[in-house]
Each structure stands twice: as structure tokens, then as C-alpha cells.
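Colleague:
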Amino acid sequence: MRLLFDLPETEQKVLDSAIGADEKLMYCVPFNILEDKFVDGFVAITNLKIYKILNDQLLASYVIKGATGFKTEVMYGSCGFYANFGQGTTLICQFVSGRHLPRYSVLVKACEILSEDESKTTPITNSEQERFCPKCGRPFVRGTNICPYCLDHLEVYKKIFAMTKGLRLMMCFPFIVAIFNVIFQFVVPEIQKLALNNYILNTANHGQSDKMTEFTLIVIAIVSLDVFHRALGVLQSRLSAITGNKFTLMMRTILYEKIQSLSLSSIQRKSTGDLMGRVNGDVGVAQDFIVNQLPNLFVQFFSFLTGLIVMLAISPLMALFIFVPIPFVVFLISKFWAFVQLRNRRLWVLGQRTNHLLQDILNGIRVVKCFGREKSEIERFKDGSVRHANQNEANAKVFDTIFPLLGFAIKLGSYLILWYGNYQVFHGDMMVGDLHQINSYANIIYAPLMYITFIPRNISNFLTSLSKIFEIIEENPEVQDINLPLDIRIEGEVDIKNITFGYESYNPVLENVSFHVNPGEMIGIVGHSGCGKTTLINLLMRLYDVNEGAIEIDNVNIKDISQNALRTQIGIVLQETFLFSGTIRDNIKYAMPHATDEQVIAAARIANAHDFILNLPEGYNTMVGEKGYSLSGGERQRIAIARAVIHNPRILILDEATAALDTETEKLIQDSLNKLTENRTVFAIAHRLSTLRNADKLLVLDKGHVAEFGTHAELLENKGIYYKLVMAQRKMAQSVIEQQGIAENA
Amino acid sequence: MAEQEKKQAQPAKNDKKPETKPQTKPKNDILGDGSDDGDLILENQRVSIPLTPENATFKRSGGDLVSLDIINDKGEPESFERVVILRSFPVTNPDEFLSVREPDSRKQGRGKEIGMIRYMKDFDEETQKLFLEELDRRYFTPEIKKIMSVKDKFGYLYWDVVTTAGHVTFVLNNPFSNIRILEDGRILINDIDGNVFQILEPSKLDAASLKKIEIYL
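Which chain is which? The protein sequence lines are A and B, in order.
All letters in the first sequence, in the order written, are residues 970 to 1715 by our numbering.
All letters in the second sequence, in the order written, are residues 282 to 498 by our numbering.
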């Protein structure tokens, strides 16, 4: 992210005259709002002061040393950058949120550092992506780094050309066919002319049998040309289907493989819908362009050009008749399409809204009925439907009027030719066959016009889609295996050594966390929501890499262990159990596809899932997931546990695995968990402390730091956070289970 | 980052990134609070009181923002160096139900509500002016006076407009959901940067301007 903008000349002068000799400019970012006006100002931060500059004025300067309370505040439509310089909280500047908020968040951190120690003159950096093109300031295509305006077209073409290796010969074929097509288009009218002039209209030849034979030959020529033309067409369609398929398959495979290999962090930056769009939509657009549009473009252009040359050769005056209306027609068509597109889009949106409303109401039908709101919902839906219907009608009316008019405009040239051609025929200057030929050519020339207006839009869509695809293909996974990763057999000793981590580097979620776990120990992790528990687990699974410090398993840094070896030896049960569509057997086998049925049953037994599975109609072959049998939360959870333990992992992670369940089910699952935790290193996150009653040690996290670490007894003796939590929960918990659990252990 | 967004619910503000650490919840005396459900989130709830000229005095703070002195529900005086004023209904009822809150802080997390002003007009003119100053800053919603051009390119709408805050260009994505027509006929436009623009009386725009946006309404 850019944190040091270049000041324009005037502003630079202002800063130069204000800044002291011992000051070093470290950050400079724009601000956009001053009182009730939009402005283009800058906030420059040196190691000593903050300067607020607008045009040729220094609006304010603040001494950073000793200042407190640096922060950004999100307001309605804008954000503020605040700090307290001694006289109370002051608004330093106000800025547009979407563009600059991440920047100012970094500045907050930067100022905090400087307020304590002005000698730290190395600016902090931030790797977060910009969302706006640095060249032109326009927004990137959502979720990408692509500015459709500043895209280097040549670069994209080069890349796509490199990717078509192996398909090139096939891809050339449509072009060859295209040339034949065009030649055919121009040869047939020539023969037809011959037929008309020499045989059909030439009455002197009528009745002569040898002429009849010649004429038959001509007919045969036309017919065989047509057959040849169609045969080529069939071949081309088939080939483009094949090439298209191969291309799509190749792109999708590359993309999908890449997405799977990318780190969680970069995937989470993009939405599921966006990624799906790239694998399906964008690949489709690229395929369509390469296989259909490009050859078509070539044909249209080629025939237009040939038409032009041939017409000029035959009759320059007629050519003029054809070409004069063209600019007008092109202008008309492009205007017309802009108009149509907008209306169609509006219709689509209205349709979407109605659909959405319908879906919403149907989903909430129970609520609607319970509150007796059927009538008003009917009204609401009717409103939407009526708007949609009205728009549809209006569109239809407009289009049905404009289309014929457009057709007429395009034909204008032909009418001129008809008129002038007949004039010449009447005067004997031209044969009927020639007129027919010229008219055919005119039609050939006009046909591409409709298409030409689409070209810019098509090309830009194609390029944008391609760059979206390449962006993923070229991305480097943030979490990467080292050159020769170790495939160790994990025993289960875990050493967390002074780790610091934040999803954004300026905003650490965990800071200086250290603790040691012996093999086979169960560690309970406790803390407020957002204190970094799940983050700790993510780091342990190496879904992210730590910013500082190291995580060691059996005295090997996890960065040196291959990701595959690491994750196949760690089992995890999450609070939200996601089961894939498929049978229960498939789901349990997920982490170990070659598991035997015996192993599946064993895992299910450990998870206390065997009994309920057998009571399902199809036992282990029952379909679950979105379209399958609907299981209860506890049942799903137990399948998830079976899935986590089938490969007998050395380290087991339970991330609030039982939080969503009622106490009865929890008890059941707890029993199964107790079986699992034997001889395994276990990390268990839980809100209900009773869940952790078997834990050997407890880790209390508070605001990203280790607050307490030790056994139950030790922590209770300490009377710290854990003690308070236990007391609070004991006080509240009236249920027998809870009381038993804590009382026994306390 | 996705995780962070999930954690912090921000009502009334869509598409905004939370600006502070969400993971810092104040540590409170847990034993003193019996109303919780067994979760670890136990917070000392400040009791929000109705704020009237009788129990609350708003003043311009040292940093040119708003400070507040109140007599709290226990009858004790309490002062706040700076308070934030939020509208409960920024769109439909901007001058009533103003929530007066402690500012959010990076260390303490979300600010708590100190009290609520039922009607802004209950306070004297000077104070109302102070409120409006703060509210106008917070709810910066320039009014569009004239539309120079609206261009549809690559799926985004590029606007060039004259507003009460000056001549600006801005970008919209998905115009059909980011242009909202309210019941009273006002139009609200949310741009890609998070700015909010409004058109108070669309019918009073000049014909040329109106024509440019007609299709999106």
C-alpha cells in the first residue's frame, strides 16, 4: 500500500518551508474533506510532526511526541483521523473511507510508534492491496489488481498466446475456413451473374440444347460450391467445438489447481462467488472469444475488405453509394446498442429484485404467516412484478420500433444501388446480372456493420476476463513449502516460541505468545471472543505463516515440514461442521481416501456416531450434505469428529467443537472426545469451561497475549482471569453437569 | 481480514471496514454481573439515561469537538472530554433520538452509550449549533445540484457532478442497488469509496441532469 505520496509542487514548497533540518518526511497521504467541501489536501508526517497542507496553505501542524489516542473513526460516508495533542481529542483530517481507510490505519500505528520514540525513522510498510489504480485512480475490477483502463493489452495477448501451445494448429483452422467462406461469398454472385446475363435473360440462347447443357454445368457448379461450403462449415463447427472444449478444460484445470494451492489468506481475500466466477464465467468468456469471436471478427473484417476492393474494381460509383451511409449507420447502431443495453439491464435488475423478493418471502413464510402479514407481502410482490412488467412492455415497444428502423437505415445504400442500377439497366449501360451481383456484394458489406460496433466491448470484456484468470494463475502462494521440505512423523511436542501475527501487519492479533506442550497433553484454550484463539489454531495448521517467532513441532520449525505431512497428521474439528455432498462413508473417509470400511466404522465408534448412523435408512451409505439426509447438529458434529480421527492424527484440534450443541449431546460427544484425547496432543478451544475439565493445562489468552498458562489448580490459586471465569460460570450454571464438572476439578 | 469483519457487527453502515481492533474488550468485574449466559463476554453495561438540558451540558471541547458534563443516574457529576453523537435514524428522522456515546477506542473497543437526546430542539440554539456541526461532519452527505455526465464503462458508472461540497467525480458499481429512492422522493447514492450523495428534490434538477439519471431510477 502506498504511504508516501508525491506532493504537487505548491504543496511541496509549503512543506519544505515548514519542515525542520532534523526532520525526516516519512509518510504522506491525501485527505479529501475539509469542513463541508471536497478538497485535495495532504497530510505529511515526519518523525516529529504532522503537517496538514491544502494547496499553498499549511492548515495545521501537530507535534507527535507525547500525543495519545491516535485512531481512525468510521463515520457515515467518510472517516476521521483523530489524536489528542494535549488539548483534547482533535480531528486531524477527514477523508473518504473506501480509498484511504487502510492507509490511515497504518498511520495510526506509525504515529503511535513515533509518539513514543521519534528516532524510529524507518517507515513501517504494509502489503495490503490497493483497491484503486495508482495510475488513473479508477477502481480496480472488484477483488483484483486489474484496471481495465490501464491494462497492458500486448502483455495479455502474449500470455494467452503462450498458453495456447498445442492448440494452435487447430485454432488456425477456422481462419482458413473463413478465407474459403469469403471467397465463396464473392464467387457465387459472379457465377449467378453469368447465369443471368448469358442464359436466363439472353433470349437468343433459349431453346438451344448445347446452351442448356452449359447452363446445367453452371447449376452443378453452384450446387457443388454450396455443398463444399457447407461441408467446410460443418468441419469448422466441429473443430471449434473441440478446440473450445480443450481450451476451457485446460484453463479450468490450471485455475482450479492454482486455487487449491493458494494460501487461505489469499483465497479469503476473494469471495467464493468471485472465484467461481473466474473458473466458470471468465474462462467461458475467454473461450467464446478465442473460438467464436476471433474467427468471426476475422471473417467479418476480411469480407468487408474484399467487398470494398471488389466493388471499387467493378463500379467506383456504386461503391460510393454503398459507403456513403456507412458512418451514419455505424453511429446509429452504436447509439442504439447503448440504449438497448441499458434498458435490458434495467429489466434484468427489476427481474432480479422480484426474484429476490419472492425468495425472501418464501424463505420467511413462517414469519409472514405468524405475523399475519400476507396481504402486505402480496402487495409488495405485486409492486415489484408490476414494475417489471411495465419495464418489459416499455422495452418491447421501443425495441420493436427501433429494430425495423435500424434495418431500414442499413438498407439505405441498397436502395440507392437499386435505383441507380435500374437506371443504368434501362439505358442499356448495365446487364441485369451485374446489378444482381452488385446488390449481393452490398449485402455482404453491410452484414459486418452490426458486428463491428460490438468489437470494442467484446475485446475489452475478453481482456478483463483473461487478466482476472492470469491474476490467479500468476499469484504466488504466501505459505510455501521450502525447497526440500521434511516429511517427519509427528510425535506431538509443540513449542510456540514468541510468535506475533496479524492478518494485517499493523494490527497484530497475537503478540509475543510463547508456551510449551508435551506430547500427549491436552491444552484448553480460553479467552474472550476475538482474543486470538482461532488465529492460534490457524497458525498451528500453518494456514498462515507467523510474522515473527516460530512454531516448532518435535523441535522442527513447521515451515520446514511439508504442508502435506503437517496437515495429514493434524486432525481438526470445527464448530461449524461442513459436510460435503456425498455419503457418510465418503465424508468420514475424506482425510484418508483409502481407508477400509473397518477403519470407517472404528472412527465412527470413537466418535459415538456408529449407532445413529446404523439407524439411518441406508446406514453408512446415506447421502448427506445439501441435497441429502438432514442430520442434526450433534450428528453432523460426530461425523466431523470421525472424519478428524480416521487417520489417527498425532495432534488433534477441537475448535469450539461442542459449542453449538445442547448439554445432552455435548455429554455424548464429550465421552467420545475423552476416548480420542488419549495419547494425543490436543488443543481444545471452548467457551464452556466444563468442556475442558480433562485438560492437562489451560492457556488463557487476553487481547492477543498469554495471560495465564498452567493447570486448573495453579490457575485457580492465581485468582486471575481464569478464576473469575470459573466463578462466574459456576454462579450462573445451575445445570447438574456443569456443577459436577467444575466442582470435581476445583 | 474476513475474520475481522465478521467479528464486528456494524449496524447502519454497510461495506465499511472496522477501523479498530475488534479483539479488545474491556476487562470488567465479572463476578458483579450475573446477567450473562455463560459466555466469556461479560461487560459492565453503562446505563443509558435520557439527556436533557437539565442533566447534560454540551460544550465545545479543547480539540474543537464536543465535550459533555452530566449528572448521571446515581446523581453524580461526570464529564467526558469528547463524546460522539450518532443519529438513530440518519435517513428518516435525523433530528430526534440522538445517541450520545463515548468514542470508540483502540484499547477499550466500542464506545458505550451515555444517553439519548429525544429531541434536538430541546436544547438551546448554541448547543444545537454545536450538535449540527458535529452531525454535519459525521453525516457528510453532499447534495447533488447538477449532473454534468454519467458514463457507463466496464461495469462501473462514472459520475461528474456539481454538489454543495464542490465539483466532484465519483464511481458507482451496481447502480441499481446503490441508488436508493426514499419514500419521500429523496435519492441517496452510495459510491464505491463509501461517500454518500443525495438529491433532495429530484424533480427540481434541471432537465438535462434528470435525463442522465432517469434510467437508473
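Backbone N, C-alpha and C fix where the C-beta goes; we use that ideal spot for every residue, glycine too.
Name the chain A residues that come within less than 7 Å of B:S380, Cβ to Cβ?
Modeller: The contacting residues do not exist; B:S380 stays about 13 Å from chain A at best.
Colleague: Could you tell me if A:P1108 is buried or exposed, where buried requires 16 or more neighbouring beta carbons within 10 angstroms of its beta carbon?
Modeller: So A:P1108 counts as buried.
Colleague: B:E414 lies in the alpha helix (DSSP H); which residues open and close that run?
Modeller: Residues E406 to R419.
Colleague: Helix, strand or coil for A:C997, going by three-state DSSP, please let me know.
Modeller: A:C997 falls in the strand class under three-state DSSP.
Colleague: Run through DSSP, which three-state label would A:K1466 get?
Modeller: Reduced to three states, the DSSP call for A:K1466 is strand.
Colleague: According to DSSP, what are the bridge partners of A:P1108?
Modeller: A:P1108 pairs with A:F1101.
Colleague: Does A:Y1598 have its Cβ less than 8 Å from a Cβ in chain B?
Modeller: Not closer than 8 Å to any Cβ of chain B, the Cβ of A:Y1598 fails to qualify, so no.
Colleague: Below 6 Å CB to CB, which residues in the same chain sit around B:D350 once its five sequence neighbours on both sides are set aside?
Modeller: Cβ within range, chain order: T338 and S360.
Colleague: For A:E1339, which of helix, strand or coil comes out of DSSP?
Modeller: First, the residue type needs correcting, since residue 1339 of chain A is Cys and not Glu in the sequence shown. Residue state, collapsed to three classes: helix.
Colleague: Along chain A, which residues have their Cβ under 9 Å away from the Cβ of B:S360?
Modeller: Those do not exist, as B:S360 stays about 11 Å from chain A at its closest Cβ, beyond 9 Å.
Colleague: Check the DSSP bridge columns for A:V1032 and list the partner residues they point to.
Modeller: For A:V1032, which the question treats as bridged, DSSP gives the partners A:K1018.
Colleague: Which residues in the same chain have their Cβ closer than 6 Å to the Cβ of B:E383, if we skip the five residues on either side of it in sequence?
Modeller: Excluding residues within five positions, the ones whose Cβ falls inside 6 Å are G392 and K393.
Colleague: In whole angstroms, give me the CA-to-CA distance for B:R327 and B:E357.
Modeller: Near 14 Å, if we compare the C-alpha coordinates of B:E357 and B:R327.
Colleague: Just the C-alpha distance for A:R1662 and A:S1550, rounded to the nearest angstrom, thanks.
Modeller: One C-alpha to the other measures close to 35 Å.
Colleague: Tell me where the beta strand (DSSP E) around B:N397 begins and ends.
Modeller: Sequence inspection shows Met at residue 397 of chain B; the Asn mentioned does not correspond to that position. From DSSP, the beta strand (DSSP E) with B:M397 extends over E394 to Y400.
Colleague: Measuring CB to CB, does A:V1146 end up less than 8 Å from A:L1201?
Modeller: Their beta carbons are under 8 Å apart, which means A:V1146 touches A:L1201 by this criterion.
Colleague: Report the three-state DSSP secondary structure of A:T1537 (helix, strand or coil).
Modeller: Reduced to three states, the DSSP call for A:T1537 is helix.
Colleague: Going by the CB atoms, is the gap between A:D1624 and A:I1506 shorter than 8 Å?
Modeller: In contact: A:I1506 and A:D1624 (Cβ atoms closer than 8 Å).
Colleague: Are the CB atoms of A:G1499 and A:A1655 within a distance shorter than 8 Å?
Modeller: No.
Colleague: In the DSSP assignment, find the beta strand (DSSP E) that holds A:E1517 and state where it starts and stops.
Modeller: First-last of the beta strand (DSSP E) with A:E1517: E1517 to I1522.
Colleague: Does B:D385 have its Cβ less than 8 Å from a Cβ in chain A?
Modeller: Yes, its Cβ sits closer than 8 Å to a Cβ of chain A.
Colleague: Determine the burial state of A:D1403: buried for a count of at least 16 other Cβ atoms within 10 Å of its Cβ, exposed for fewer.
Modeller: A:D1403 comes out buried.
Colleague: When we look at the beta-carbon of A:D975 and count the other beta-carbons within 10 Å, is it buried (16 or more) or exposed?
Modeller: Classification of A:D975: exposed, given that the 10 Å Cβ count is below 16.
Colleague: In angstroms, rounded to a whole number, what distance separates the CA positions of A:K1104 and A:F1142?
Modeller: Whole-angstrom Cα-Cα distance: 40 Å.
Colleague: Just the C-alpha distance for A:K1134 and A:Q1256, rounded to the nearest angstrom, thanks.
Modeller: Spanning the two alpha carbons is a distance of roughly 15 Å.
Colleague: For chain B, find out if any of its Cβ atoms is closer than 8 Å to the Cβ of A:G1202; answer yes or no.
Modeller: Cβ-Cβ to chain B under 8 Å: no for A:G1202.
Colleague: Output needed for A:A1534: all residues of its chain with C-beta closer than 6 Å, excluding positions within five of it in sequence on either side, in chain order.
Modeller: Cβ within range, chain order: D1456.
Colleague: Identify every residue that forms a DSSP beta bridge with A:Y1051.
Modeller: Answer by DSSP bridge pairing, in chain order: A:K1040 and A:L1060.
Colleague: Quick one: which residues of the stretch 1024 to 1050 of chain A get their C-beta closer than 9 Å to a C-beta of chain B? List them in chain order.
Modeller: Result list: G1038, F1039, K1040, T1041, E1042, V1043, M1044, Y1045, G1046, S1047, C1048 and G1049.
Colleague: Should B:L321 go down as buried or exposed, given a rule of 16 or more other Cβ atoms within 10 Å for buried?
Modeller: Caution applies to B:L321, whose pLDDT of 39 falls short of 50 and renders its modelled position unreliable; the model cannot decide the point.
Colleague: Are the CB atoms of A:S1088 and A:K921 within a distance shorter than 8 Å?
Modeller: Summary: the structure shown does not reach residue 921 of chain A, with chain A confined to residues 970 through 1715, and so no result is reported for it.
Colleague: Can you name, in chain order, every residue of its own chain whose Cβ lies under 7 Å from the Cβ of A:K1502, other than the five neighbours on each side?
Modeller: Cβ within range, chain order: I1494, G1496, I1654 and L1670.
Colleague: Would you mind giving the Cβ-Cβ distance between A:T1650 and A:G1471, rounded to the nearest angstrom? I have them listed as a contact below 8 Å.
Modeller: 26 Å between Cβ atoms; not a contact.
Colleague: Taking the alpha helix (DSSP H) that A:P1071 falls in, what are its first and last residues?
Modeller: Run containing A:P1071: S1066 to E1085, per the alpha helix (DSSP H) assignment.
Colleague: Can you tell me the Cβ-Cβ gap for B:V381 and B:M401, rounded? I've got them flagged as a contact below 8 Å.
Modeller: In fact, because the Cβ distance is near 11 Å, the residues do not count as touching under 8 Å.
Colleague: I need the DSSP call for A:H1616, collapsed to helix, strand or coil.
Modeller: DSSP places A:H1616 in coil when its eight states are reduced to three.
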